[in-house]
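Heads up: the structure comes next, in structure tokens.
In the numbering used here, the protein residues as written are 5 to 130.
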């Protein structure tokens, strides 16, 4: 897995750091919105309980606001879940790319493999 899609964006080695930064920024924004919606939910719930004996439109409007707030909270949680999944995919991509780079370096002789004579001699002295 050396690339994957986020909507119409292809994430690969060339842009994974920018995409990660963008995702982290978006996660902070969504978490802030989620906190605000939770406060609104709690305030609306308290207002409903306070006005529960009223027979006017106030209770209906508060109930409608409460319902819309709950829907928004669920939507924001889903957004967060998806963004965290994308961050996990970026981490996997980084690991895979690192494995490939190490393997290429070993192949090119930049990194000495564990079975080399140097390693056998060096570690054999201890």
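Ideal Cβ positions, reconstructed from N, Cα and C, are used throughout, including at glycine.
As the structure is a prediction and not an experimental result, all values here were calculated from the model.
- Which runs of the beta strand (DSSP E) fall wholly inside the region 28-77 and span at least 3 residues, in chain order? Complete beta strand (DSSP E) runs here, min 3: none at all.
- Query: Is it buried or exposed for residue 130, if we count other Cβ within 10 angstroms and need 16 for buried?
  - Reply: Summary for residue 130: the model assigns pLDDT 46, below 50, so the residue's position carries little reliability, and this model does not support an answer.
- Item | beta strand (DSSP E) segment containing residue 9, residue limits | 8-10
- With a threshold of 16 other CB atoms inside 10 Å of the CB of residue 66, please say whether the residue is buried or exposed. With 16 or more other Cβ atoms within 10 Å, it is buried.
- Burial state of residue 90 (16 or more Cβ within 10 Å): If you draw a 10 Å sphere on the C-beta of residue 90, you find 16 or more other C-beta atoms in it, and that means buried.
- Task: Assign residue 15 to buried or exposed, taking buried as 16 or more other Cβ atoms, counted over all protein chains shown, within 10 Å of its Cβ.
- Result: buried
- Message: Once the 5 residues before and after residue 34 are set aside, which same chain residues still bring their CB inside 6 Å of it?
- Response: So the list reads 80, 83, 84, once near-sequence residues are dropped.
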